[in-house]
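*Asks:* For the sequence shown, the positions run 4 to 599 when the numbering used here is used. For each residue, glycine too, the CB sits at the ideal point set by N, CA and C. Mind having a look at this structure? Questions to follow.
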Amino acid sequence: MGLSSTVEATRTAPSKLRKLFSTKKANFLNGIQSKENFKDYIRTPGSRDDLKDSKWSWSNEDLLPTPPEKRSWGYWNYFFLYFSWSMDNWTLGSTMIGIGLNWWQSILVIFGSQMISSIFQAINSRCGAVYHIGYPVVSRSVFGMYGAYYVVFARAVLAVVYYAIKLYVGSSFVVNMLRAVFGSHFTDIPNHIATSTGFTTQQMLAFFLYWLIHIPFTLLRPNQLSWVFTLKMCTIPPAYIGLFIFCMANTKGKMGNALPRSASVSSSEFSWFIMYAINAGIGNTANSITNQPDYARWSTDRWAVIIPQFIANPISVTISSTFGILATSAINNVWGLELWNQWDLLDEIMTRYWRPDVRFAVFLCAAAQALLVLGTNIAANMIPFGSDSSMLLPRYINITRGQFLGLCLAWAVNPWKILYSATTFTNFLGGYGLFMAAVVGPTCVDYYLLTKGNVFIPELYNGSKSNPYYHYTKGWNINAYVAYIAGISFPFAGFIGTLGAKGVSEVATNMGHIGWLLSYFVSAFVYYVMCMIFPTPVQRVVKERGLGWESLSKQEPEFIEGLPEENESGLEKGEGMVRTQPVESSSELEESKEIK
């Protein structure tokens with residue numbers, strides 16, 4: 004998709020959305036007319052019983068490979084996604100400085116870590132871009148039909164917690180907007196919430212409003228959301244540049260002693276600082292690395308997801324974090340404050356310059372920031388949780404229902420409480436990425452080194468014992484789980500140390516500081532060794548048939564009914580192929596009218 008078509012799609016999005024919501028409303032009203040209609044309505048299109056005596060389904064339309072007509076994300080779409088998403092890193096510099104680096108070391112490490120992160124993202128996106136399947140289905144190919152449930156559930160838990168936290172962060176900008184518009188009429192609202200909650204009545208109102216804004220987006224699939232990131236791309240760079248210029252002009256660029264300097268440490272300790280900082284930079288994008296198949300499956304081209312993010316991600320993260328370091332250092336020096344978060348900075352600007360023009364500028368900047376966080380929340384948390392939910396209960400939950408479920412669960416997470424007082428839990432979330440790194444490691448090794456990029460797609464929807472490739476040992480790939488346990492065991496002691504455990508050695512602490520990298524490479528290495536000793540069924544088939552690199556991807560996906568039969572390529576008819584259209588259901592009317 005070219006730039007002009009991308010912009011045009013953004014212009015026409017509102018009218019298409021109105022049609023979509025009208026269709027959804029009509030289907031809902033039809034579904035509540037009778038008991039039979041309701042049964043048809045709640046059952047997801049594309050779900051089916053894989054065995055006649057089974058009450059479980061292994062597929063629905065969101066688990067099946069993305070059909071060609073919905074592969075609408077081109078190079079520009081992915082560039083806008085990664086560039087606008089990565090701009091949400093104003094405070095990353097403070098993380099690096101807290102580790103012990105000075106300002107220029109922080110900038111260099113951030114750029115280097117994001118280049119490394121882009122490599123991991125590119126590697127993990129390939130399977131999704133080639134076979135157009137998401138993270139849950141890719142996990143089945145490596146961890147087994149039943150073994151995948153754990154790794155999918157683990158990601159879902161992380162996604163819903165971060166979903167709630169990002170909602171709270173975004174609502175902080177809504178507080179700025181409400182204060183800018185209503186002034187004391189908003190700030191003087193009596194607070195009826197206990198201080199120990201870490202929440203005020205004003206913040207509760209802002210959180211609720213921001214929560215409401217998310218509802219329409221939960222009703223859309225990823226292929227219908229590309230316009231959001233185009234809109235972000237048009238709004239957030241001017242907002243960031245404007246805020247940066249204000250900070251530098253207001254302070255005349257006087258950094259003073261506020262510009263961070265590196266700590267005085269030995270060369271050995273400094274080396275660990277650098278490794279710690281690189282790991283922190285990669286960990287900052289750990290969600291994106293894990294979630295790559297969920298984005299790549301919508302691509303029009305196998306390279307459309309890789310090339311743009313190699314350009315957008317490192318540049319965008321480095322620019323936004325550099326702005327954060329320089330702007331807040333100057334403000335803190337001249338104003339004598341400790342401000343790192345943008346919403347605190349915007350609030351202080353209004354306090355010092357309570358004028359209509361300043362309030363209007365703050366409103367626009369806060370609105371752009373709220374949109375930035377919304378888009379990040381959609382890509383990093385809403386879509387992954389919806390995707391995971393569609394696998395955990397495929398007959399009744401598709402990706403849109405899962406996204407709405409995640410939005411509802413945000414209230415149960417109590418993100419304000421987590422950020423206010425739950426330091427241990429916050430540290431736990433910060434280190435949770437090592438558990439996902441141990442999933443990504445075996446996944447990449449399996450695809451690139453062991454199976455030569457060959458995936459037997461139909462068998463990823465066959466949960467019976469007759470599955471010749473992915474049933475493994477009663478549905479669990481023991482090799483993958485041995486590698487997973489090995490991957491998390493090395494940095495685990497250091498991870499426990501961050502939660503307040505006593506008696507953790509310096510060596511263990513340092514291993515914990517490079518937790519994501521260590522977990523990834525250890526799990527990848529162990530999985531490779533295990534599969535050399537105990538080959539998987541797919542490994543054996545690839546070797547026996549002499550399949551080349553991604554041989555199974557060269558056939559256009561379609562589902563061949565009936566018994567398998569041999570074709571000219573030596574593959575059984577249907578191998579590497581799956582029907583991409585959902586089975587007939589009363590909900591097909593809705594799907595046929597969705598935004599392409």
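Exposed or buried, which one is residue 603 when buried takes at least 16 other CB atoms within 10 Å?
*Replies:* Nothing in the structure corresponds to residue 603, since the chain is present only between 4 and 599.
*Asks:* Can you tell me which of 323, 32, 542, 284 puts its alpha carbon nearest to the alpha carbon of residue 101?
*Replies:* Selected option, being the one with the closest Cα: 284.
*Asks:* Could you check what DSSP says for residue 476 in three-state terms: helix, strand or coil?
*Replies:* Correct three-state label for residue 476: strand.
*Asks:* With DSSP run on the structure shown, which of helix, strand or coil describes residue 22?
*Replies:* In this structure, residue 22 counts as helix in the three-state DSSP scheme.
*Asks:* Residues in the same chain with beta-carbon distance under 7 Å from residue 519, minus the five sequence neighbours each way, listed in chain order, please.
*Replies:* Hits under 7 Å: 282, 285, 286, 289, 436, 437, 440.
*Asks:* So residue 99 is in the alpha helix (DSSP H); what residue range does that whole segment cover?
*Replies:* Residue 99 -> alpha helix (DSSP H) spans 95-102.
*Asks:* Which full runs of the alpha helix (DSSP H) of 4+ residues lie inside the stretch 356-388, going along the chain?
*Replies:* If we require 4 residues or more, the alpha helix (DSSP H) runs fully inside the stretch 356-388 come out as 359-380.
*Asks:* Indicate the three-state DSSP secondary structure (helix, strand or coil) for residue 59 in the structure shown.
*Replies:* Looking at residue 59 - three-state DSSP - the assignment turns out to be coil, as it is neither helix nor strand.
*Asks:* Please classify residue 397 as buried or exposed, where buried requires at least 16 other C-beta atoms within 10 Å of its C-beta.
*Replies:* Its Cβ being crowded by 16 or more others within 10 Å, residue 397 is buried.
*Asks:* Could you check what DSSP says for residue 393 in three-state terms: helix, strand or coil?
*Replies:* Correct three-state label for residue 393: helix.
*Asks:* How far does the alpha helix (DSSP H) with residue 327 in it reach, from first residue to last?
*Replies:* Counting along the chain, the alpha helix (DSSP H) containing residue 327 begins and ends at 309-338.
*Asks:* To the nearest angstrom, how far is it from the Cα of residue 279 to the Cα of residue 347?
*Replies:* Cα to Cα, residue 279 sits roughly 28 Å from residue 347.
*Asks:* Closer than 8 Å by C-beta to residue 155: which residues in its own chain qualify, once you throw out the five before and the five after it? Chain order, please.
*Replies:* Only 138, 139, 142, 391, 394, 395 meet the Cβ criterion.
*Asks:* So, do the stretch 213-220 and the stretch 192-204 have three or more beta carbon pairs nearer to each other than 8 Å?
*Replies:* No, the stretch 213-220 is not in contact with the stretch 192-204.
*Asks:* Just curious, the alpha helix (DSSP H) that residue 513 is in, first and last residue?
*Replies:* Taken as a continuous stretch (DSSP letters only), the alpha helix (DSSP H) holding residue 513 covers 509-516.
*Asks:* Is it right to say residue 225 is buried, meaning 16 or more other beta carbons lie within 10 angstroms of its own, or is it exposed?
*Replies:* That one is buried.
*Asks:* Where residue 38 and residue 31 are concerned, what is the direct C-alpha to C-alpha distance, given to the nearest angstrom?
*Replies:* Spanning the two alpha carbons is a distance of roughly 13 Å.
*Asks:* One question on the structure: do residue 201 and residue 414 come within less than 8 Å of each other, judged by their Cβ atoms?
*Replies:* Not closer than 8 Å, so no.
*Asks:* Are there 16 or more other CB atoms within 10 angstroms of the CB of residue 130, so buried, or fewer, so exposed?
*Replies:* Residue 130 is buried by the Cβ-count criterion.
*Asks:* Check residue 306 in the structure and name its three-state DSSP category.
*Replies:* In this structure, residue 306 counts as coil in the three-state DSSP scheme.
*Asks:* Please classify residue 346: does DSSP put it in a helix, a strand, or coil?
*Replies:* Residue 346: helix per DSSP, three-state reduction.
*Asks:* Exposed or buried, which one is residue 334 when buried takes at least 16 other CB atoms within 10 Å?
*Replies:* Buried.
*Asks:* Would you call the stretch 449-457 and the stretch 404-413 touching, i.e. three or more CB-CB distances under 8 Å?
*Replies:* Not touching, per the Cβ criterion.
*Asks:* Using only the alpha-carbon positions, how far apart do residue 550 and residue 539 sit?
*Replies:* Answer to the nearest angstrom: the Cα atoms are 15 Å apart.
*Asks:* Please name the residue or residues paired with residue 76 in a DSSP beta bridge.
*Replies:* 302, per the DSSP bridge assignment.
*Asks:* By the three-class DSSP mapping on this structure, what secondary structure does residue 65 have?
*Replies:* If DSSP states are grouped into helix, strand and coil, residue 65 belongs with coil.
*Asks:* Tell me whether residue 36 sits in a helix, a strand or coil according to DSSP, three-state version.
*Replies:* DSSP places residue 36 in coil when its eight states are reduced to three.
*Asks:* For residue 91, does the three-state DSSP call read helix, strand or coil?
*Replies:* Looking at residue 91 - three-state DSSP - the assignment turns out to be coil, as it is neither helix nor strand.
*Asks:* Going by C-alpha distance, which of 363, 158, 275, 485 is nearest residue 388?
*Replies:* With distances taken between Cα atoms, residue 388 lies closest to 158.
*Asks:* So the alpha helix (DSSP H) residue 119 belongs to, where does it begin and stop?
*Replies:* Residue 119 -> alpha helix (DSSP H) spans 106-134.
*Asks:* According to the Cβ coordinates, are residue 327 and residue 106 closer than 8 Å?
*Replies:* For residue 327 and residue 106, no; Cβs fall outside 8 Å.
*Asks:* May I ask you to report which of helix, strand or coil DSSP gives residue 248?
*Replies:* In the structure shown, residue 248 sits in a helix (DSSP, three-state: H, G or I).
*Asks:* Can you name the start and end residues of the alpha helix (DSSP H) that residue 195 belongs to?
*Replies:* Looking at the DSSP string, residue 195 is not in any alpha helix (DSSP H), and its letter there is neither H nor E.
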